[in-house]
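K.L.:
In our numbering, the protein residues as written are 91 to 549.
Every residue gets a Cβ at the ideal spot worked out from N, C-alpha and C, and that includes glycine.
1. With a threshold of 16 other CB atoms inside 10 Å of the CB of residue 212, please say whether the residue is buried or exposed.
2. Which residue wins for smallest C-alpha separation from residue 225, given the options 261, 322 and 312?
3. Quick one: which unbroken beta strand (DSSP E) runs of 3-plus residues sit fully inside the region 480-544? Chain order, please.
4. DSSP state of residue 550, grouped into three classes?
5. Classify residue 206: buried if its beta carbon has 16 or more other beta carbons within 10 angstroms, exposed otherwise.
6. Compare the C-alpha of residue 320 against each of 356, 253 and 267 and name the closest.
7. What three-state label does DSSP hand residue 118 in the structure shown?
8. Out of 451, 162, 368 and 216, which has the shortest C-alpha to C-alpha gap to residue 171?
9. Less than 8 Å between the beta carbons of residue 430 and residue 345, yes or no?
10. Could you check the C-alpha separation between residue 122 and residue 132 for me, to the nearest Å?
11. So, residue 276 versus residue 249, is the Cβ gap smaller than 8 Å?
12. Count the other C-beta atoms from every protein chain shown that fall within 10 angstroms of the C-beta of residue 102, then say buried if there are 16 or more, exposed otherwise.
13. Could you check whether the region 369-385 touches the region 396-414, counting it as contact only if at least three pairs of C-beta atoms, one from each stretch, sit closer than 8 Å?
14. How many angstroms separate the CA atom of residue 278 from the CA atom of residue 322?
15. What does the alpha-carbon distance come out to for the pair residue 398 and residue 424?
16. So, for residue 222: in the same chain, excluding its five sequence neighbours on each side, which residues have a beta-carbon less than 6 Å away from its beta-carbon?
17. Decide if residue 534 is buried, meaning its Cβ has at least 16 other Cβ atoms within 10 Å, or exposed.
18. Should the region 343-363 be regarded as contacting the region 427-444, the criterion being three or more beta carbon pairs within less than 8 Å?
19. Measuring only the C-alpha atoms, how far is residue 111 from residue 202?
20. Measure the CB-CB distance between residue 477 and residue 369 and report whether it falls below 8 Å.
21. Would you call residue 135 buried or exposed, if buried means 16 or more other Cβ atoms sit within 10 Å of its Cβ?
22. Could you tell me if residue 166 is buried or exposed, where buried requires 16 or more neighbouring beta carbons within 10 angstroms of its beta carbon?
23. Alpha carbon to alpha carbon, what distance is there between residue 289 and residue 536?
24. If we ignore side chains and look at the alpha-carbon of each, how far apart do residue 404 and residue 245 end up?
25. Let me check one thing: in DSSP terms, what residues is residue 235 bridge-paired to?
26. In angstroms with no decimal places, state the Cα-to-Cα distance between residue 421 and residue 393.
27. Less than 6 Å between C-beta atoms, sequence neighbours within five positions excluded: which residues of the same chain meet that for residue 539?
28. When DSSP labels each residue in this structure, what does residue 428 get in the three-state scheme?
29. Who are the Cβ neighbours of residue 413 in its own chain at under 8 Å, not counting the five residues just before and after it?
30. What number of angstroms, rounded off, separates the C-alpha of residue 268 from the C-alpha of residue 280?
31. Whole angstroms is fine: what's the gap from residue 529's alpha carbon to residue 355's?
32. What is the DSSP secondary structure of residue 377, reduced to helix, strand or coil?
33. Taking the beta strand (DSSP E) that residue 140 belongs to, which residues open and close that run?
34. Whole angstroms are fine: how far does the CA of residue 232 sit from the CA of residue 255?
35. Tell me, to the nearest whole angstrom, how far the beta carbon of residue 483 is from that of residue 501; I am working on the premise that it is less than 8 Å.
36. Short of 6 Å in beta carbon distance, which residues of its chain neighbour residue 401, apart from the five on each side in sequence? Order them along the chain.
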């Protein structure tokens with residue numbers, strides 16, 4: 091801040107937006123640069139606020155002043171022996187302050203010139219105080235000729251607002267003559283979207299930004315939707331109680347894209363990537379984008395666990411949603427990309443990787459149907475990544491009792507709705523794994539009977 095040894099304390103300030111000839115008095119307590127005795131600045135008929143500036147050691151306090159009706163009085167608590175001067179650029183080129191009068195311990199300066207510095211010299215004790223008064227009226231916010239376009243340095247992310255007159259910062263001069271910029275933040279408001287991961291969709295929201303000017307323009311991250319942009323003031327308008335005219339740009343469609351993928355594995359939400367999966371695996375893919383700008387959406391699945399130009403493409407699809415069935419072992423990477431209507435801007439989601447296991451098939455040698463439900467009462471294989479499957483059960487005379495084609499299912503020990511007798515039965519299983527391995531298994535299965543089963547009707 092541009093204060094160094096001085097310290098300013100805003101005791102109390104009341105500003106009204108809808109006044110008519112209301113007298114505004116802002117009192118500021120100030121510590122002098124030497125001797126630490128206190129003084130007060132009072133602005134009668136003007137709103138004022140202290141300004142923070144990035145100039146440590148400059149030895150000056152800065153105030154933003156907004157006269158209510160074009161006239162005000164600056165009052166400085168002091169002594170009749172004080173010498174008050176003003177300067178435009180540096181303190182040693184000072185001028186006498188015209189019209190200053192002293193009464194009851196206060197210097198009164200009607201319509202004190204603004205956009206200049208002031209020097210208060212006190213002889214007993216020896217003290218000097220410097221302050222600068224910025225005339226807010228001389229830095230109007232542009233209200234005509236607003237236009238908006240994509241920022242040349244970042245056309246896919248940022249937009250720029252220009253006006254018939256440039257957006258500008260404030261400034262002051264230190265006692266030594268150093269130009270001190272006073273950064274100004276313009277308030278920009280617009281309709282926007284944000285992605286709600288719980289609802290898996292974009293939700294409307296209003297966005298307000300404080301934007302510093304650069305080369306007379308306002309540059310910032312654009313909205314995700316077609317919208318207008320409004321300049322509502324700056325970071326001083328509310329503090330000074332100013333009713334600023336709101337100005338609005340024409341509507342602009344965004345180049346900025348945002349895309350979020352939603353996946354399901356075998357119809358279920360994905361709890362986490364990186365786990366090995368047993369084929370066949372059905373992957374449902376859906377892209378949520380900030381339409382209507384994102385009209386070109388593409389999916390690619392490539393072999394391997396990382397994105398590479400040389401990776402073989404397994405699947406490619408243009409559209410918001412699609413489904414792919416994985417039946418071969420190995421690693422796969424899913425890539426989702428989107429581009430704007432003009433194809434000048436692109437965005438990509440974080441790639442995800444799937445690992446399909448090598449195949450495995452094991453056959454039990456006994457089970458006990460209708461014994462204890464849920465415990466070894468189904469003849470079922472243990473498997474991983476089996477993509478083709480057929481199993482058949484025969485009795486000792488070669489009669490077919492049961493056949494099924496889903497490795498997740500099995501035989502419950504019945505034939506034509508009745509339990510078969512305990513004993514030895516035979517199976518033939520033919521299958522193929524996601525890794526291309528073929529299985530041709532034959533063997534016998536023992537049905538174990540309990541006392542309870544012996545009481546049940548059988549064939």
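P.N.:
Inspection of the coordinates gives the following:
1. For the purposes of this step, residue 212 is identified with residue 122 of the chain shown, where counting begins at 1. That one is buried.
2. Here residue 225 corresponds to residue number 135 of the chain shown, with the count starting at 1. When only C-alpha atoms are compared, the closest one is 261.
3. Here the runs fully enclosed are 490-494, 513-523 and 528-537.
4. It is not possible to answer for residue 550, since the shown part of the chain is limited to 91 through 549.
5. Counting from one through the chain shown, the residue named residue 206 turns up at place 116. So residue 206 counts as buried.
6. Residue numbering aside, residue 320 sits at position 230 when the chain shown is read from its first letter. For residue 320, the nearest C-alpha among the options comes from 253.
7. Counting from one through the chain shown, the residue named residue 118 turns up at place 28. Residue placement at residue 118 cannot be trusted, given a pLDDT of 48 that sits under 50; the coordinates are not used to answer.
8. On the chain shown, residue 171 is found 81 positions in, with the first residue counted as 1. Selected option, being the one with the closest Cα: 216.
9. Here residue 430 corresponds to residue number 340 of the chain shown, with the count starting at 1. Here residue 345 corresponds to residue number 255 of the chain shown, with the count starting at 1. The beta carbons of residue 430 and residue 345 sit closer together than 8 Å.
10. By one-based count along the chain shown, residue 122 stands at place 32. By one-based count along the chain shown, residue 132 stands at place 42. Interpretation of residue 122 is limited by its pLDDT of 40, a score under 50 that renders its predicted location unreliable; no figure is taken from the coordinates.
11. As a working note, residue 276 is residue 186 in the chain shown. As a working note, residue 249 is residue 159 in the chain shown. Not in contact: residue 276 and residue 249 (Cβ atoms no closer than 8 Å).
12. Along the chain shown, read from residue 1 onward, the residue named residue 102 stands at position 12. Any reading at residue 102 must be qualified, since the residue scores a pLDDT of 30, below 50, and its modelled position is unreliable; the value itself is stated next. Exposed is the call here.
13. yes
14. Taking the chain shown and counting its residues from 1, the one referred to as residue 278 is at position 188. Taking the chain shown and counting its residues from 1, the one referred to as residue 322 is at position 232. Those two C-alpha atoms are separated by around 6 Å.
15. Here residue 398 is taken as the residue at index 308 of the chain shown, counted from 1. Here residue 424 is taken as the residue at index 334 of the chain shown, counted from 1. When rounded, the distance between both Cα atoms is 12 Å.
16. As a first step, residue 222 is located in the chain shown; it is residue number 132 there, counting from the start. Closer than 6 Å at the Cβ level, and outside the excluded window around residue 222, lie 150, 152, 207 and 262.
17. Within the chain shown, the letter at position 444 stands for residue 534. Result: exposed.
18. yes
19. Residue numbering aside, residue 111 sits at position 21 when the chain shown is read from its first letter. Residue numbering aside, residue 202 sits at position 112 when the chain shown is read from its first letter. Any reading at residue 111 must be qualified, since the residue scores a pLDDT of 34, below 50, and its modelled position is unreliable; the value itself is stated next. Cα to Cα, residue 111 sits roughly 19 Å from residue 202.
20. The residue you call residue 477 lines up with position 387 of the chain shown. The residue you call residue 369 lines up with position 279 of the chain shown. In contact: residue 477 and residue 369 (Cβ atoms closer than 8 Å).
21. In the chain shown, counting from the first residue as 1, residue 135 sits at position 45. With 16 or more Cβ atoms within 10 Å of its Cβ, residue 135 is classed as buried.
22. Walking along the chain shown from the start, residue 166 turns up at place 76. Residue 166 is buried by the Cβ-count criterion.
23. For the purposes of this step, residue 536 is identified with residue 446 of the chain shown, where counting begins at 1. For the purposes of this step, residue 289 is identified with residue 199 of the chain shown, where counting begins at 1. One C-alpha to the other measures close to 52 Å.
24. For this step, residue 404 is matched to residue 314 along the chain shown. For this step, residue 245 is matched to residue 155 along the chain shown. Near 33 Å, if we compare the C-alpha coordinates of residue 245 and residue 404.
25. Here the question's residue 235 lines up with position 145 in the chain shown. DSSP lists no partner for residue 235.
26. Numbered from its first residue, the chain shown carries residue 421 at position 331. Numbered from its first residue, the chain shown carries residue 393 at position 303. Computed Cα separation, rounded: 6 Å.
27. Locating residue 539 in the chain shown gives position 449, counting from the first residue. If you ignore the 5 residues before and after residue 539, its C-beta comes within less than 6 Å of the C-beta of 512, all in its own chain and listed in chain order.
28. Sequence index remark: in the chain shown, residue 428 carries index 338 (1-based). Note: residue 428 maps to strand in three-state DSSP.
29. In the chain shown, counting from the first residue as 1, residue 413 sits at position 323. Closer than 8 Å at Cβ, skipping near neighbours: 372, 373, 374 and 375.
30. For the purposes of this step, residue 268 is taken as the residue at position 178 of the chain shown. For the purposes of this step, residue 280 is taken as the residue at position 190 of the chain shown. Computed Cα separation, rounded: 38 Å.
31. Sequence index remark: in the chain shown, residue 529 carries index 439 (1-based). Sequence index remark: in the chain shown, residue 355 carries index 265 (1-based). If I take the Cα positions, the gap works out to 26 Å.
32. Translated into the one-based positions of the chain shown, residue 377 becomes position 287. Strand.
33. Locating residue 140 in the chain shown gives position 50, where the first residue counts as 1. Element bounds for residue 140: 136-140.
34. Taking the first residue of the chain shown as 1, we reach residue 255 at position 165. Taking the first residue of the chain shown as 1, we reach residue 232 at position 142. Distance between the alpha carbons of residue 255 and residue 232: 6 Å.
35. One-based indexing of the chain shown puts residue 483 at position 393. One-based indexing of the chain shown puts residue 501 at position 411. Contact flag correct, Cβ pair sits at about 5 Å.
36. Position 311 of the chain shown holds residue 401. Correct list, in chain order: 392, 393 and 394.
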